[in-house]
Amino acid sequence: MGCLVQKYGGTSVGDVERIRNVARRALKARAAGHDVVLVVSAMAGETNRLLGLVRAVTPTPNEREQDVVVATGEQVAVGLVALAIQAEGGEATSFLAHQVRIVTDAVHGKARIQHIDAGALAQTLRAGRVAVVAGFQGTDDEGNITTLGRGGSDTTAVALAAALGAEACEIYTDVLGVYTADPNICPSARKLSRISYEEMLELASLGAKVLQIRSVEFAMKYRVPLWVKSSFSEDPGTLVCAEDAAMEQVVVSGIAHDRNQARITLRDVPDNPGVASRIFGALSDRHIEVDIIVQTAAREGRADLSFTVNKPDLAAAREVMASLVGELGITSVESDGQIAKVSIVGVGMRNHAGVAARMFRVLAAEGINIQMISTSEIKVSCVVDEKYTELAVRSLHTEFGLDAAASEGIRG
Ligand code: ADP
Ligand code: ASP
Ligand code: MG
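And the structure:
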């Protein structure tokens with residue numbers, strides 16, 4: 026039997042009893058004949074606590090030092106999990122990113138994995154030991170500690186599975202699998218038994234934090250069979266895999282929401298060649314990702330320009346815009362952090378007209394104003410006032426026929 030990578034998220038290692046549960050699960054997979062690599066996140070709430078400490082010291086932390094602090098949550102967790110495996114009579118060795126050698130670029134806080142040298146892990150596996158690897162962290166070429174962005178342990182796990190040629194990667198979390206919408210805000214959400222890489226990628230990039238986007242990209246690129254399961258249940262979970270005929274043939278397969286966005290509006294931007302390039306170039310130089318962009322038609326040579334960024338980047342994005350006000354003659358920079366992006370996703374949309382209109386009709390019927398719209402072949406997103414998030418998700422879920430029978434539960 027081959028190698029199996031299992032990733033346990035924060036709630037799955039949230040206390041000592043849960044850590045013992047992880048140890049028992051790992052040993053069970055080992056007893057079934059697998060080489061087992063565990064990827065472990067910080068204990069629930071720990072990364073937020075560490076970020077809180079950083080912010081208490083300074084509101085504008087140096088990103089290298091912030092990574093040094095926030096990466097420690099995973100160090101504690103891997104040590105405890107390795108000890109728990111040993112306490113259960115198994116053999117295990119913990120690894121931090123620099124010991125495996127998970128090499129990333131030097132973009133602190135959102136580093137990307139460049140390569141993995143899994144030699145040390147392979148040796149541990151050959152010796153029959155469970156390898157317990159810290160998620161979320163990496164090392165750059167110069168040996169600095171980096172982190173992969175929130176939810177980054179998912180990406181560590183899938184990247185390791187690809188590097189080791191593992192037969193599967195299992196992501197253990199606090200729900201039974203991937204649902205048609207976040208089961209914690211949509212009580213009628215249904216668990217999917219399978220979902221295509223493409224749809225999962227879309228759901229993840231539209232805010233379904235059950236998997237980090239980069240983890241799905243890696244799985245798709247290297248064809249890693251990716252399972253999402255609950256660490257508190259024996260339910261088979263959801264398989265993320267290549268699209269096939271056995272998948273449900275529906276127009277919309279899921280609803281995603283993202284409250285982690287903020288909108289900036291620039292008034293009276295000059296309507297000249299090079300202006301958009303100047304604005305978005307300056308944001309990109311600061312590694313600030315921009316999502317939806319909307320520009321009004323120009324009047325008297327000036328237009329209004331709105332765009333969204335991730336909420337934690339709002340202050341930095343405002344700073345960048347303030348530095349351009351004089352140069353471009355922009356009359357005001359406004360921002361709104363109380364927004365949410367609600368999206369419908371489905372490969373079935375490719376063959377159906379009128380799906381977006383149906384979405385707009387549902388939102389209108391609930392009295393929800395649409396602030397921005399963005400579409401692609403397999404998704405439609407609307408930016409709305411944050412207070413309408415649940416209402417929008419639930420009404421769309423019902424409209425597109427996704428509601429489950431009342432008896433289906435979400436947890437193990
Ligand atoms: P972990 O700490 O295990 O990595 P996360 O909190 O990062 O767990 O991800 C699991 C959470 O993702 C669930 O508790 C759920 O609220 C959320 N989620 C959002 N969208 C979905 C979805 N479509 N299916 C399942 N879970 C979802
Ligand atoms: N501990 C990190 C976070 O809270 C990474 C992860 O959980 O995947 O974002
Ligand atoms: Mg997560």
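Sequential numbering of the sequence shown, starting at 26, is according to my numbering. Backbone N, C-alpha and C fix where the C-beta goes; we use that ideal spot for every residue, glycine too.
Query: Which listed residue (V380, R383, A417 and G373) has its alpha carbon closest to that of G392; Result: A417
Query: The beta strand (DSSP E) enclosing N335, as first and last residue numbers; Result: R327 to N335
Query: Rounded straight-line distance, which links the Cα of V315 to that of K53; Result: 44 angstroms
Query: Sub-9 angstroms separation of A102 and A117 beta-carbons; Result: no
Query: Top-ranked residue by Cα proximity to T333, from L291, G373, P295 and P298; Result: L291
Query: Proximity test, A145 beta-carbon vs the ligand ASP heavy atom, cut-off 8 angstroms; Result: no
Query: Terminal residues of the beta strand (DSSP E) in which S401 lies; Result: M397 to S401
Query: CA nearest to the CA of I395, picked from I403, V275, R386 and A347; Result: R386
Query: Coil, strand or helix - D92 by DSSP; Result: helix
Query: Burial state of S278 (16 or more Cβ within 10 Å); Result: buried
Query: Contact under 9 angstroms by Cβ, I369 with F425; Result: yes
Query: Cα-Cα separation, L251 to M374; Result: 24 angstroms
Query: beta-carbon D179 near the ligand ASP non-hydrogen atom, thresh 8 angstroms; Result: yes
Query: DSSP-derived helix/strand/coil call for K216; Result: strand
Query: The alpha helix (DSSP H) enclosing T97, as first and last residue numbers; Result: T97 to A112
Query: Paired residues, beta bridge with P295 - DSSP; Result: R327
Query: At least 3 beta-carbon pairs within less than 8 angstroms: the stretch 38 to 47 vs the stretch 65 to 80; Result: yes
Query: Closer than 8 angstroms: S302 CB and nearest the ligand FAD heavy atom; Result: The model depicted lacks the ligand FAD and carries the ligand ADP, the ligand ASP and the ligand MG instead.
Query: V253 versus I220, A429 and V319, residue with shortest Cα-Cα distance; Result: I220
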